[in-house]
Each structure stands twice: as structure tokens, then as C-alpha cells.
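Residue numbers (my numbering), protein chains in the order written: chain A, 80 to 433; chain B, 13 to 346; chain C, 21 to 88.
Glycine included, C-beta positions come from ideal geometry on N, C-alpha and C.
For clarity, every value in this text was computed on a predicted model and none was experimentally measured.
Working notes for the structure below.
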Amino acid sequence: MTEEGKQAVAKARAILENYKGKKLRIMEVCGTHTHAIFKAGLRQLMPENVELISGPGCPVCVTPADFIDEAVWLATEKNAVITTFGDLVRVPGSEMSLAGARSEGADIVPVYTPIDAVEYAKTHPDREVVFLSVGFETTTPSACLAVQRAEKAGLKNFSILTANKTMDEAYRALKDSVDAYIYPGHVCAIVGTRLTEELTGEGISGVVAGFTPSELVTAAATLVELCSKSDEPFFRNCYPRVVTRDGSTAAKKLVEKYMEPADAVWRGLGIIPKSGMVLRDEYAAFDARKKFSVPSFKAKNPPGCRCGEILQGKCKPTDCPLFGKTCTPEHPVGACMVSQEGTCAAYYQYGGVV
Amino acid sequence: MEEKVMLVHGGGGKQTSELIHEVFAKRFRNLYLTEDDAAILPPPASNIAFTTDGFIVSPWKFPGGNIGKLSICGTVNDISCMGARPKYLSCAFVIEEGFPVKSLEEIADAMALTAREAGVSIVAGDTKVAGHGQVDGVFITTTGIGERLPGAHPSGKSARPGDAVIVSGDVGRHGCTILLARGEYGIDAEVTSDCAPLWGMASSVFDVCRDVHVLRDATRGGVGTVLHEIAGQSGVGIRLDASAVPVDPAVAGVCGMLGLEPLYLACEGRLVIFVPKEDAEAVVAELKKSPYGENAAVIGEVTPDEPGRVVMTTELGTQTVLPPPGGELLPRIC
Amino acid sequence: MCVGLPAKVVSIKDGMALVDASGAKREVSAELLDELDPGDYVMVHAGIAIAKITDDDASEAASVMGEL
Ligand code: SF4
Chain A
80 MTEEGKQAVA KARAILENYK GKKLRIMEVC GTHTHAIFKA GLRQLMPENV
130 ELISGPGCPV CVTPADFIDE AVWLATEKNA VITTFGDLVR VPGSEMSLAG
180 ARSEGADIVP VYTPIDAVEY AKTHPDREVV FLSVGFETTT PSACLAVQRA
230 EKAGLKNFSI LTANKTMDEA YRALKDSVDA YIYPGHVCAI VGTRLTEELT
280 GEGISGVVAG FTPSELVTAA ATLVELCSKS DEPFFRNCYP RVVTRDGSTA
330 AKKLVEKYME PADAVWRGLG IIPKSGMVLR DEYAAFDARK KFSVPSFKAK
380 NPPGCRCGEI LQGKCKPTDC PLFGKTCTPE HPVGACMVSQ EGTCAAYYQY
430 GGVV
Chain B
13 MEEKVMLVHG GGGKQTSELI HEVFAKRFRN LYLTEDDAAI LPPPASNIAF
63 TTDGFIVSPW KFPGGNIGKL SICGTVNDIS CMGARPKYLS CAFVIEEGFP
113 VKSLEEIADA MALTAREAGV SIVAGDTKVA GHGQVDGVFI TTTGIGERLP
163 GAHPSGKSAR PGDAVIVSGD VGRHGCTILL ARGEYGIDAE VTSDCAPLWG
213 MASSVFDVCR DVHVLRDATR GGVGTVLHEI AGQSGVGIRL DASAVPVDPA
263 VAGVCGMLGL EPLYLACEGR LVIFVPKEDA EAVVAELKKS PYGENAAVIG
313 EVTPDEPGRV VMTTELGTQT VLPPPGGELL PRIC
Chain C
21 MCVGLPAKVV SIKDGMALVD ASGAKREVSA ELLDELDPGD YVMVHAGIAI
71 AKITDDDASE AASVMGEL
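Shown next, in the form of C-alpha cells:
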């Protein structure tokens, strides 16, 4: 790292070390932040009266078990090839995970990008190919690109099962649980910072942060410093090398063309109005739910699991009686333990030391 | 001879012996390999190390090797890591009907070459043919015998606080090579497998260090899994200097794209060595003399704190841990 | 929620960019960015270039702290 970078990090550390102000609750709402924060050991630099809460920012963790049930149903009842990001393969549904379905003969194909799922459909014209479309603003455009390509190629055997979500309503829904947010850098890269700036008008504060150790520590210091300076809501972009005010206009247009907002269920949080994205009616042919008349599943949350409260910062994984006992990364009970980015998994893997 | 392996080649009749002779026996030729039912071997000079391993890999051929080379290296390296000189191997093949004989010859060539380099004789073998779709190409099982060096006593339980942790080369190459060779994720990079027989390198470690505490070859699960296993078995902590772990830049790039950790990608030619700190320098210097050891490095030390864990110091000077291995490697978006 | 990888653009054709991350190369969609040239650095997520990167993280840290 350069000399000026080192100095900046030192200054940021000093701000954190010397903070003596009021008690603060800071929430990061991005699973990749959760992981990066543990990896950088940032918690050890946080002043005693600043609490870092891991919010609902891991698409795997907030995706309800019903979604897995739907995917398993498509794979087993409709003999569809399920293409998916690797993250979802081990997530338990109410009966089984996709990995479980695979061991019973279902075709589960992990892909790096939804575009590859379209390619897969092209080369397997005799199979129905369904892509599991999870993710936030960062990931949703890639699913729309996939639909666009399938449309252009006139594919009849490709569709997506949507569980896409947007963050803005979640920021609002959780605002009373926190004093300020660490906004997700890559969501903001697409959306731009206009929205987060506007949120200050609703009394919501936060900073946009990147993912390297120096980006995390400078963002945390900025946040603590601005909180201590005044009680006014604030916003600051601490990831300017990637995040701009406008974000990607092309991405927003693309998503707007193919998708529209809908109410969405967040695992652990329940329904947040207008926080989901589904395909517009014009594209029903690419909507797996409509195409295959997927029945509705009403999965129960696993008894005893406290993921919902954890995602809202109301309790810590260590408060859950199942944590580390019946619930471990090898045998996850709840969603927060499944994804490596999940709060419970992160606590389990890093706990004790950091 | 036919161009493809057929079910009749596994029937035990004339075609079977033709296949065995033309493809395998010709190449493996040595004093102990006969047409009798079992090899008769001279009595060992010391205690013997005895192990077996099965090999399946898809694709069967990849940059830097093939399943044949792999099947020799795997067993040779397991024996070597007990401080034993590999002497004899047996090999059993299960071949899919329709597998090209030419490819089988290529596999046998690699086995013969690697065995010669490792100083082992292939003294017994078996060939079965399975119906189309019942196996994927070829499965190979090798079993091996080695003679232990007097005084050698490496064990996963013997890591002690103060030991230096050494890795004999850059990590994750084999796993990365296979991932790329499968072509599933559309990534292109110049990476070759590290697959290699390691007895030469392992024995040189014993030459310069009388008290090798732990010697392991990292395979599936990579170096990270070995570190966790040793920390657990020895009841010690391992302080890893993450910046000292040698990683090929292209491997790091591939891992970055797919969200994978290079320490958890498979190796097939890497030793993980725990020796008393004062011997570390000599061991690394010795490793570097080997054709497979130019990137050898000390990557950490053993501590009495945090037993069972692998702890790292971060760029910010804080502490973190290497998360324990998580099973199947899948690309992720978050 | 979104792993991103910085990579260098090697070439661009038909809305796809060939990117290079220390020797690992892959085609990614460049359709979400206007004005992309070979030599630019981009943030890649799920096979898509989501943003152009304009600085390294050390000088960014310096400018962020400078603003405080
Ligand atoms: S430890 Fe497991 S059961 Fe408890 S809240 Fe976390 S995921 Fe749910």
C-alpha cells in the first residue's frame, strides 16, 4: 500500500480508537461486507460503544425456504434442469436442498452467470432450463440480460424463477433498529447514490463502503466521525472509485423494461411491500412460475431458529440455543448458517477469535 | 488390437491378456511383475508403510498430467509422507466400455514414466471393463508399499508450538487446472497441475532435518484443509502469514472470479511440513533444489494459543481466522 | 451481497468485453457501461461489468479521509 494510503488508514484507526461519544448501532446490509469485515478483523478496531450489526443483505439468507421448494419441484416434477449460482445449492428447503435433489437424480447445474444458463438452454434444446434468479440490484440486471438474450434467440425452453429483491424498502423497514447504515457498495454501483442521499431526508444516515480492508476502515471511521459531529442525518460516498451518483443508467433501464416491483417475503422479516422484482406480464413466457404453474409452497421456518431477529440486529447468533449445537455450517438449520456470508456462519467460523 | 476397449476385454479370456500385455505389462516391465497370481517381493529392510487410494478425475487428461500420473503420485506421496521410500505398487483399472485404447496407452505411458521417476515398481495389476455409462472413462486404484527410513516419525499429532510451517510450492494449482479443464465456467487461464511424485523432495527434508514433526501432501481440500487437520490432531494453533502463501497469480484470478479460496483448492504435488523453527531455513533451501520446490516458503508457525484454529494477522494488524473447509467448491455471487 | 472482482478490459466486441484478472480471462457483458475502452478497469459481478473503476483503493482511502 502507498504511503498516503497508510496514513489514511492510520487516521481512520485513530478516529475509531478515540471515539468516546454516544452508543451507536451500525448495520452493514451486505453479506459480502459481513464476510469482508470478519476477514479484515474490523470488529477489533471498533470502539466499545459502537455495535456492528449484520443485516439482511445476503440473498441466500433472505430467500424463503418456499423458493427452494419451488426449485426442487421444478427439478423433480417437471424434470427441468436447474441452473443456479453456487450459493443456493446447499440451502435447505422444507423437504430437501438442491444438493439433495441432485443426489436423487435431478439436474442441478451451477453457473457463473445467468448468461451461461441461456447458453446451456441453447445447447440443450430438448430440456427445460430454469435459472434461479436471486439477488439484489447488483445481480438483477444479469438476470434481465439473460431473458433479453433468450428472447432474441427465440428460446422456448428457458425461464427464470424470480426471488429478486431491492434494498430501499429494507432500509426503511429497519431504520429504527440502527443509527446508520454501511450501504452495500455494489448495489450502489448500479443504483447510484441519489437514493441514499434522498434517504437522509427521511432521517436515515449512512455511508457507501467498498470491500478492501482500507475501504472498510475508512468508511467506518467516516461514519463514526459524522455521527459524533452532529445529530443531523448524513450521507457520504466512501467508495467513489466504483460508485457514482447516477449508477448505471443502462442497467436501470434494462431492469425497468423486464421487471416490475412486487411485494416480497424476506426470510425472517416477513413481507416487505414493493421490495421484490418479478418479470412483467409481457414476459410471462420466461417466468417459470407462470410457465409451469408452480404450486404455492408454505414452508415453515425451522422451529427454534432466530434468523429473523438476527437479521434485524435484535439478537446475536450466540443467543440462539441451536447455534453451534444442532446448527453448524455442515448441518445448517436456518438460512443464516447456510451461506458463508450468513451472520451465523460468519460467527461460527470466526467466533472466539474476532 | 481393437481401437476401443470392449466388454470382452474384461472377460478373462484371450482378449483380456492381450490388452494387459499390449497396454500395461509391456510398459510396466520389471523383475517382480510376472504372469503369476501374485508378486513375490524380497523382505523389507525396515518397517513397511502400506496404503491404497482410488482415483477418478474428469476429464481424464489435463494440463500437467492425466489420471495415470495422478494414480502413481497419489500413492507414492502418501507413502513418502510417512517417511518411507516407495518401493512397490499394484494398480487396478475399471475401464468404461468404448474407452479408446490409445488413451489407455497414454495413461499407461504416464504411469510408467512417473513410477520410474519415483523409483517404484508396478508389481501387480487387475483390469475390469464396465458397461457404457457405469464408470466415467477410467477409474484407477493403486496400492503401495514403502520402507520407512530409520528414525523417521512424522505424524499429524506431532506439531509443537515453535514449529515452522512450510509449504513446498504454490497452492491450488491442481484444483484450478481441473476446474478450468472442465470448461464449465468459461474462464481461460494458463495453469498447469502441480501433480508430481514427491519422494525425492520428501527424502531431502529428512536429510537436513532429523526431527520432522509433520509431513503431509496436500490433496483434495488443499493446504487449508491440511492446516486445519493438523491443528486439530495436534491440539495446537497455527499462525498463518497469509501474505507468505505462494499463489500463482492466474490461480488467484480464477479464485477471485468464482469467489473461491486458493488454500482450499486441491494440490497433487505439494508437501506441508512442520519442523522445529531452527531447521526451517535449511529445509526451504533444500526444497528449492527440487524441480517441484522453487516456490517453497515458510507460511506460518505453530502456537500454543487458539488450539484447533488457523489464525491470521490482517492488513489492518488485527486478527482473523482461516474459516474451516466448507465442502464442495461452488462459485458464488455473495 | 455481491462479490465483485476488479479486472482489466482487454478487448470489446458486440457488447462483450474480454477481461483479465491477473491472468484469468473471461468474456463478460459490457452492455451496462457506456464508453468502455481496452485498458479500463471494471468491477465484475456475475459475469457482468457493473462499473468502471476510476482509482485504486489506497488513494481512494486518502481522498475519503481528506474529506473528513
Ligand atoms: S444458529 Fe442456526 S438456527 Fe440459530 S438463528 Fe442461526 S441459522 Fe437459525
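Taking the alpha carbon of C:I32 as the point to measure from, which residue in C:A44, C:V23, C:G59 and C:G24 has its own alpha carbon closest?
Indexing the third sequence from 1 puts residue 32 of chain C at position 12. Cα-wise, what sits closest to C:I32 is C:G59.
Closer than 7 Å to chain B by CB, A:G165
As a working mapping, residue 165 of chain A is identified with position 86 in the first sequence. At a cut-off of 7 Å between beta-carbon atoms, A:G165 makes contact with chain B.
Alpha carbon of A:G392 to alpha carbon of B:H144, nearest angstrom:
Stepping through the first sequence from its first residue, residue 392 of chain A is reached at position 313. Stepping through the second sequence from its first residue, residue 144 of chain B is reached at position 132. For A:G392 and B:H144, the distance between alpha carbons rounds to 55 Å.
Should A:K99 go down as buried or exposed, given a rule of 16 or more other Cβ atoms within 10 Å for buried?
Counting from one through the first sequence, the residue named residue 99 of chain A turns up at place 20. Note on A:K99: under 16 other CB atoms within 10 angstroms of its CB, so exposed under the neighbour-count rule.
Counted within 10 angstroms of its Cβ, other Cβ atoms place A:N158 as buried (16 or more) or exposed:
Residue mapping note: residue 158 of chain A aligns to position 79 of the first sequence, counting from 1. Per the 10 Å Cβ criterion, exposed.
Any heavy atom of the ligand SF4 closer than 6 Å to the Cβ of A:C140?
The count along the first sequence starts at 1 and reaches residue 140 of chain A at position 61. Every heavy atom of the ligand SF4 is 6 Å or more from the Cβ of A:C140, so no.
Do B:V106 and B:V147 count as a contact pair if the criterion is CB distance below 7 Å?
The residue given as residue 147 of chain B occupies position 135 in the second sequence. The residue given as residue 106 of chain B occupies position 94 in the second sequence. Going by C-beta atoms, B:V147 is nearer than 7 Å to B:V106.
I'd like to know whether the C-beta atoms of A:G172 and A:V151 end up nearer to each other than 7 Å.
Here the question's residue 172 of chain A lines up with position 93 in the first sequence. Here the question's residue 151 of chain A lines up with position 72 in the first sequence. In contact: A:G172 and A:V151 (Cβ atoms closer than 7 Å).
Say whether chain B places a C-beta atom closer than 7 Å to the C-beta of A:Y98.
Numbered from 1 along the first sequence, position 19 holds the residue referred to as residue 98 of chain A. For A:Y98, no CB of chain B lies under 7 Å from its own CB, so it is not counted at the interface with that chain.
Any beta carbon of chain A sitting closer than 7 Å to that of C:V84?
For the purposes of this step, residue 84 of chain C is taken as residue 64 along the third sequence, with counting starting at 1. Chain A, which has a Cβ nearer than 7 Å to the Cβ of C:V84, makes this yes.
Proximal chain B residues relative to C:M33, where beta-carbon distance stays under 8 Å:
Reading the third sequence from its first residue, position 13 is the one you call residue 33 of chain C. In the sequence on display, residue 33 of chain C carries Lys and not Met. In chain order: nothing, as chain B lies at least about 15 Å away.
Distance between A:L121 and A:L295 (C-alpha atoms, nearest Å):
Taking the first residue of the first sequence as position 1, residue 295 of chain A is located at position 216. Taking the first residue of the first sequence as position 1, residue 121 of chain A is located at position 42. Cα-Cα distance, rounded: 8 Å.
Should B:V314 be flagged as near chain A, meaning a C-beta pair shorter than 7 Å?
Numbered from its first residue, the second sequence carries residue 314 of chain B at position 302. Taking 7 Å as the CB threshold, B:V314 stays off the interface with chain A.
Do three or more CB pairs link the segment 148-160 of chain B to the segment 93-100 of chain B at distances below 8 Å?
Flag = yes, the segment 148-160 of chain B and the segment 93-100 of chain B touch.
Cβ contact (3+ pairs, closer than 8 Å) linking the segment 356-376 of chain A and the segment 236-247 of chain A
The segment 356-376 of chain A is in contact with the segment 236-247 of chain A.
Using a Cβ-Cβ cut-off of 7 Å, state whether C:S49 counts as contacting chain A.
Walking along the third sequence from the start, residue 49 of chain C turns up at place 29. For C:S49, the answer is yes, since a Cβ of chain A falls inside 7 Å of its Cβ.
What's the gap between the Cα of B:V224 and the Cα of A:G413?
Translated into the one-based positions of the second sequence, residue 224 of chain B becomes position 212. Translated into the one-based positions of the first sequence, residue 413 of chain A becomes position 334. The C-alpha of A:G413 is placed about 44 Å away from the C-alpha of B:V224.
Kindly list the residues whose CB is nearer than 7 Å to the CB of A:Y429, restricted to its own chain and excluding five residues on each side of it in sequence; keep chain order.
For the purposes of this step, residue 429 of chain A is taken as the residue at position 350 of the first sequence. If we look at A:Y429 and ignore the five residues flanking it on each side, its Cβ neighbours are F117.
Paired residues, beta bridge with A:S238 - DSSP
For the purposes of this step, residue 238 of chain A is taken as the residue at position 159 of the first sequence. Under DSSP, A:S238 shares a beta bridge with A:V209.
Does C:V39 have its Cβ less than 7 Å from a Cβ in chain B?
By one-based count along the third sequence, residue 39 of chain C stands at place 19. With 7 Å as the cut-off, C:V39 does not count as an interface residue toward chain B.
Same chain only: Cβ atoms within 6 Å of B:P209, ignoring 5 sequence neighbours per side:
Working through the second sequence from its first residue, we reach residue 209 of chain B at position 197. Within the same chain, B:P209 has close Cβ partners C85, V88, T126, E129 and A130.
So with Cβ pairs under 7 Å, would you call A:V433 a contact of chain B?
As a position in the first sequence, residue 433 of chain A is number 354, starting the count at 1. Per-residue confidence for A:V433 stands at a pLDDT of 48, beneath the threshold of 50, marking its modelled position as unreliable; no derived number is given.
Cβ-heavy atom distance between A:P396 and the ligand SF4 below 6 Å?
By one-based count along the first sequence, residue 396 of chain A stands at place 317. It does: the Cβ of A:P396 is within 6 Å (strictly closer) of some heavy atom of the ligand SF4.
Alpha carbon of C:D76 to alpha carbon of A:R320, nearest angstrom:
The residue given as residue 76 of chain C occupies position 56 in the third sequence. The residue given as residue 320 of chain A occupies position 241 in the first sequence. Rounded to whole angstroms, C:D76 to A:R320 spans 7 Å at the Cα level.
Determine the direct distance from the alpha carbon of A:T279 to that of A:P312, and round the result to whole angstroms.
If you number the first sequence from 1, residue 312 of chain A lands on position 233. If you number the first sequence from 1, residue 279 of chain A lands on position 200. Straight-line Cα distance between these residues: approximately 5 Å.
Using the C-alpha atoms, what's the distance from B:V322 back to B:Q331?
What you label residue 331 of chain B is simply residue 319 of the second sequence in a count that begins at 1. What you label residue 322 of chain B is simply residue 310 of the second sequence in a count that begins at 1. Spanning the two alpha carbons is a distance of roughly 11 Å.
Any heavy atom of the ligand GTP within a distance shorter than 6 Å of the CB on A:C137?
Among the ligands in the structure shown, the ligand GTP does not appear; only the ligand SF4 can be found there.
Limits of the unbroken alpha helix (DSSP H) element including A:E277
Within the first sequence, residue 277 of chain A is the residue found at index 198, counting from 1. Annotation: the continuous alpha helix (DSSP H) that includes A:E277 extends over R273 to L278.
Grab me the residues of B:A292's own chain with a C-beta within less than 7 Å of its C-beta, minus the 5 sequence neighbours each way, in chain order.
In the second sequence, the residue the question calls residue 292 of chain B occupies position 280. Taken in chain order, the residues that qualify are A176, I178 and V310.
Option nearest B:G184 by Cα separation, candidates B:A50, B:M13 and B:R232:
By 1-based counting over the second sequence, the position of residue 184 of chain B is 172. The candidate whose alpha carbon is nearest that of B:G184 is B:R232.
Is there at least one Cβ from chain B nearer than 7 Å to A:V168's Cβ?
By one-based count along the first sequence, residue 168 of chain A stands at place 89. Answer yes: the Cβ-Cβ gap between A:V168 and chain B drops below 7 Å somewhere.
B:C221 to B:R251 span [Cα, whole Å]
Translated into positions along the second sequence, residue 221 of chain B becomes position 209. Translated into positions along the second sequence, residue 251 of chain B becomes position 239. Each residue's alpha carbon lies about 22 Å from the other.
Compute every distance between the C-beta of A:C406 and the non-hydrogen atoms of the ligand SF4, then say whether any falls below 6 Å.
Counting from 1 along the first sequence, the entry for residue 406 of chain A is found at position 327. Using a cutoff of 6 Å, the CB of A:C406 counts as near the ligand SF4, since one of the ligand's heavy atoms is closer than that.
What's the gap between the Cα of B:E118 and the Cα of B:A264?
Within the second sequence, the letter at position 106 stands for residue 118 of chain B. Within the second sequence, the letter at position 252 stands for residue 264 of chain B. Straight-line Cα distance between these residues: approximately 31 Å.
Helix, strand or coil: which one does DSSP assign to B:G168?
Your numbering for residue 168 of chain B matches position 156 in the second sequence. Coil, per DSSP.
Using a Cβ-Cβ distance under 7 Å, would C:V23 count as near chain B?
Locating residue 23 of chain C in the third sequence gives position 3, where the first residue counts as 1. By this cut-off, C:V23 is an interface position.
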